[in-house]
Every structure is written in C-alpha cells, then in structure tokens.
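Visitor: Going letter by letter, the sequence shown gives residues 8 to 132 in the numbering used here.
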Amino acid sequence: MVDWPKKDEALIEHIDGLLAAAPVHRKNMFGTSAWFLESNDMMFIGAWGEGIMVRISEERTTGLIESGEAEPFDPMGGKPMREYVLLNGERIAEDEDLLDWLDQASEFAGTLPPKQPKQKKSRKK
8 MVDWPKKDEA LIEHIDGLLA AAPVHRKNMF GTSAWFLESN DMMFIGAWGE
58 GIMVRISEER TTGLIESGEA EPFDPMGGKP MREYVLLNGE RIAEDEDLLD
108 WLDQASEFAG TLPPKQPKQK KSRKK
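1. According to the neighbour-count rule (16 or more other Cβ atoms, all chains shown, within 10 Å of its Cβ), is D15 buried or exposed?
2. Please report the straight-line C-alpha distance between L25 and P82, rounded to a whole angstrom.
3. When you compare only the Cα positions, how much space is there between G117 and G58?
4. For V9, is the classification buried or exposed, using 16 other Cβ atoms within 10 angstroms of its Cβ as the cut-off for buried?
5. Excluding the five sequence neighbours on either side, which residues of its own chain have a C-beta within less than 8 Å of the C-beta of L44, listed in chain order?
6. Hey, N35 and P120 are a contact pair by Cβ (cut 8 Å); roughly how many whole angstroms apart?
7. Give the range of the alpha helix (DSSP H) segment to which G96 is assigned.
8. In this structure, how does DSSP classify W42 when only helix, strand and coil are distinguished?
9. Just list the residues that DSSP pairs R62 with in beta bridges.
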C-alpha cells in the first residue's frame, strides 16, 4: 500500500472557504478531502498533503508533467490517474493561483457527462 501524505487541515479549510458559494460538495477520498461539482458529481480538485490534485484535460496534464510544472497524480502507486496532476504547495501559495486552478479544474470537470449511479448487486438466494 502507498503511504498517503498527512491531511493539511488548514488547506482543506481554506479551499472550503474559497468554494463556499460554489455549487460543489466535499467528500473524503484517498484519506483526504476532495470537491465534486453538484451538476455532474465529478471530482475536480482535492487536497493532497500541502498541495492539490486537479482534474484537467489529458492534453494539458501531459504538457504540465513534461514541462516539470506538475507531477502525475498516482494515489495507488503504479497507475497514475490520467486527467489529474499534482501541484505542490508552492504552486498554490497565493490565493490568485489557487483560485485559477480551482476555476480551470471546475471548468474542465463541468464538461464531463454526469456520473451514472452504480448498480446495486443483487444477492443470489
């Protein structure tokens, strides 16, 4: 099992404050907090240690990783999530930068189709 970074409660509270008026909800994912759009229930951002993981297009993800501006988001070890990158705390130190990433991630996630509810498995009798 991969060791996940410790939750940064101050970062989580800060993101909650920035998103207070937005149509989003927070859930626990990967041992920390992640935010989902109300419109389609898609995760678009999550706290990860002192940084954040953001959901953006695969093309943009590849460019940011290749340029060294971001790292692949690989919470399980061995299989990075293709539309997510990990940004360290320096990249989001200023509210203006953090808000820009929140906007980019929510805009991209808003283009995705709504998540389909999982089918409940029926038990054989």
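Idealized CB from N, CA, C, for every residue including glycine.
Guide: With the given structure in hand:
1. buried
2. Distance between L25 and P82, taken at the CA atoms: about 25 Å.
3. Our two residues, G117 and G58, have alpha carbons roughly 22 Å apart in a direct line.
4. exposed
5. P30, V31, F51, S113, A116 and G117
6. Incorrect: roughly 24 Å between the Cβ atoms, too far for contact.
7. Looking at the DSSP string, G96 is not in any alpha helix (DSSP H), and its letter there is neither H nor E.
8. strand
9. Y91
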